[in-house]
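Notes follow the structure.
Residue numbers (the working numbering): 649 to 1055.
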């Protein structure tokens, strides 16, 4: 048994890599790779049974349960490792390029292991803020303009890169003026978590992040922050100043760049980017409207649950959650809500919640419900996708189903 050639080549490249970030050593970071048949662990010894020693590495039969995506994972015993699923990583046909691509991905995930072991205010990001991040035309347009100028700054080489960098900072300032503090912090912290991981990855590749002004209006704030964070870090490198220490102290990348190149410099808008932003915002709104219409069009009885004192949000799936209006959220797959003597759980059944915020729920609507079972004062529905347990005395019949008002 031998590791795949791409993995062997990637490990060789990683071992030869010069310093990409102070204190970051991917050549000593535990690396966990599933190649479709076995999981290979390099640069560390595992704890627990099930591992076999093979050619200087440790091998687990099949996919190790801790490895479910490209990410930093924690193995039993507390060992943190950079994890990669080769089946989910498109590799070039050329063996050398395949090794290079795999090495870059392992370095990206290894940087997340470094971040986890290096306490810093630069890392924590309020990721739930992404759920309510503004999605209108002006925000998308400013993002596209900033992307345009960041790309020009990176492509300037030894020429005047500071002027386009200051233009980019101008459009960032215009965008941030329309964001609240949580949305600003979400973006700047994603730039220092995911953006810097892409920065070390692209430094290894001797490349720059892919910046596409035409695509920027359609990108999510999270995916765009990978590219913007990496771009800002590459520009900071051009200043020749030791900026990483200030970054670890919690200073956002854009603030550090302003300190080196000067204040934001106004730049005229590009009409084509404004048009692209309008189209992206319109498509986003149409998608949300279609999702909401499809929810309300479900056949069968509905349940309207309300509580003036609020309901407790116990769990939800952020990857399948849509903010369809102020304080209104469509939980397309999973949500758990509890109230006075009541419980609601969906796993594959959509639910609509309303309230002052995501976590402060005052109303829940469910549709396409089967007939309930009423027994000993309880009103219950139990299916593979839905659990409802309510006090029977609080349930009232309505023309479209039932309503429940909890005290």
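Note that CB positions come from ideal geometry on N, CA and C, so glycine has one too.
Euclidean distance between Cα positions of residue i and residue j
| i | j | result |
| --- | --- | --- |
| residue 999 | residue 897 | 42 Å |
| residue 957 | residue 816 | 46 Å |
| residue 735 | residue 684 | 6 Å |
| residue 1069 | residue 1019 | Residue 1069 is absent from the model: the chain starts at 649 and stops at 1055. |
| residue 921 | residue 952 | 43 Å |
| residue 715 | residue 860 | 32 Å |
| residue 863 | residue 943 | 29 Å |
| residue 754 | residue 699 | 21 Å |
| residue 722 | residue 696 | 13 Å |
| residue 1015 | residue 747 | 50 Å |
| residue 979 | residue 733 | 29 Å |
| residue 770 | residue 907 | 18 Å |
| residue 947 | residue 1052 | 20 Å |
| residue 778 | residue 868 | 9 Å |
| residue 983 | residue 1045 | 24 Å |
| residue 1037 | residue 1012 | 14 Å |
| residue 711 | residue 682 | 6 Å |
| residue 993 | residue 964 | 10 Å |
| residue 967 | residue 882 | 30 Å |
| residue 802 | residue 836 | 19 Å |
| residue 1001 | residue 1034 | 15 Å |
| residue 717 | residue 761 | 14 Å |
| residue 744 | residue 705 | 22 Å |
| residue 818 | residue 796 | 12 Å |
| residue 728 | residue 917 | 46 Å |
| residue 935 | residue 788 | 16 Å |
| residue 828 | residue 911 | 21 Å |
| residue 768 | residue 792 | 30 Å |
| residue 708 | residue 764 | 24 Å |
| residue 866 | residue 933 | 12 Å |
| residue 1043 | residue 955 | 13 Å |
| residue 1041 | residue 1017 | 19 Å |
Strand pairing of residue i, partner residues [DSSP]
| i | result |
| --- | --- |
| residue 954 | 1011 and 1053 |
| residue 700 | 707 |
| residue 731 | 680 and 719 |
| residue 779 | For residue 779, which the question treats as bridged, DSSP gives no partner whatsoever. |
| residue 1027 | 1022 and 1038 |
| residue 773 | Residue 773 is not bridged to any residue. |
| residue 993 | 984 and 1035 |
| residue 1043 | 1052 |
| residue 960 | 986 and 1008 |
| residue 979 | 969 and 999 |
Where the alpha helix (DSSP H) through residue i begins and ends
| i | result |
| --- | --- |
| residue 689 | No alpha helix (DSSP H) contains residue 689, which is instead part of the beta strand (DSSP E) from 686-690. |
| residue 709 | Here residue 709 belongs to no alpha helix (DSSP H); instead the beta strand (DSSP E) covers 705-709. |
| residue 940 | 919-944 |
| residue 785 | 785-803 |
| residue 757 | 743-765 |
| residue 894 | 892-896 |
| residue 908 | 901-909 |
| residue 712 | Element bounds for residue 712: n/a, residue is neither H nor E. |
| residue 810 | 810-824 |
| residue 876 | 869-886 |
| residue 660 | 653-663 |
Whole-number beta carbon distance between residue j and residue i, since they are thought to touch under 8 Å
| i | j | result |
| --- | --- | --- |
| residue 794 | residue 820 | 5 Å |
| residue 669 | residue 850 | Not a contact, Cβ separation roughly 12 Å. |
| residue 678 | residue 730 | 7 Å |
| residue 996 | residue 981 | 6 Å |
| residue 690 | residue 661 | Wrong, their Cβ atoms sit about 13 Å apart, outside the cutoff. |
| residue 739 | residue 654 | 6 Å |
| residue 776 | residue 1006 | 7 Å |
| residue 674 | residue 665 | 6 Å |
| residue 904 | residue 884 | 6 Å |
| residue 790 | residue 814 | Contact flag wrong, Cβ pair sits at about 15 Å. |
| residue 839 | residue 895 | Between residue 895 and residue 839 the Cβ distance is about 10 Å, and since that is not below 8 Å, they are no contact. |
| residue 875 | residue 846 | 7 Å |
| residue 949 | residue 1050 | 7 Å |
| residue 825 | residue 857 | About 25 Å; that fails the 8 Å criterion. |
Start-to-end residues for the beta strand (DSSP E) that takes in residue i
| i | result |
| --- | --- |
| residue 853 | Note, residue 853: premise wrong, no beta strand (DSSP E); not H, not E. |
| residue 973 | 969-973 |
| residue 999 | 999-1002 |
The ligand SAM heavy atom lying under 7 Å from the CB of residue i
| i | result |
| --- | --- |
| residue 916 | What this structure holds is no ligand at all, so the ligand SAM is not there to describe. |
Are the segment 768-786 and the segment 916-934 in contact at 8 Å, needing three or more beta carbon pairs?
yes
Counting Cβ pairs, one atom from each stretch, are 3 or more of them under 8 Å apart for the segment 1022-1031 and the segment 964-981?
no
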